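Here is the structure we will look at, set down as structure tokens.
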């Protein structure tokens, strides 16, 4: 056990980041083992477009819960890889609509069986007495009611 593990709740952000990095690193290895050229950080955008098909930048940011600048950065990467493309909205010229390209759709088809394998492994990892996903959902709900900053400074 290291110092971060020992200090408990004060290091929750560090522990979650560490857990996230481990899952992303292993996720990348899983994709690579199936000969799929894919970065795990692209997952939320690709999966969202797979389900919703055509969305604006603002709608994607809202769906994945990322800031507008973070979303734009991911979209630029995906466009450079030719996984997504954008077109102007006919009703609102200022709006860009994002879709998966044929390459993007082929990538999703290739990844779907791997997602099933990953889902099963992740369920095994998180399905314990203190279900991680349920705890994260409860924590996110608490933060929606009142944020960390508000609780620490304003109370």
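Residue numbers (the working numbering): 130 to 284. Just so you know, even glycine gets a beta-carbon here, dropped at the ideal spot from N, CA and C. For clarity, every value in this text was computed on a predicted model and none was experimentally measured.
The beta strand (DSSP E) spanning residue i covers which residue range?
i           : result
residue 211 : Premise fails: residue 211 is in no beta strand (DSSP E) and is neither H nor E.
Only counting the same chain, and skipping five residues up and downstream in sequence, which positions put a Cβ closer than 7 Å to that of residue i?
i           : result
residue 262 : 255
residue 240 : 165, 167
Count the other CB atoms within 10 Å of the CB of residue i; is the residue buried (16 or more) or exposed (fewer)?
i           : result
residue 194 : exposed
residue 184 : buried
residue 141 : exposed
residue 282 : exposed
residue 268 : exposed
residue 292 : In the structure displayed, the chain extends from 130 to 284; residue 292 sits before or after that span and is not available.
Quick check: the Cα distance between residue i and residue j, rounded to an integer number of angstroms?
i           : j           : result
residue 264 : residue 189 : 25 Å
residue 232 : residue 138 : 43 Å
For residue i, which residues does DSSP report across the bridge?
i           : result
residue 228 : 214
residue 184 : 227
Once the 5 residues before and after residue i are set aside, which same chain residues still bring their CB inside 8 Å of it?
i           : result
residue 272 : none
residue 177 : 184, 189, 192, 193
May I ask which residues mark the beginning and end of the alpha helix (DSSP H) holding residue i?
i           : result
residue 103 : Look at the range of the chain in this structure, 130 to 284, and you will see that residue 103 is not part of it.
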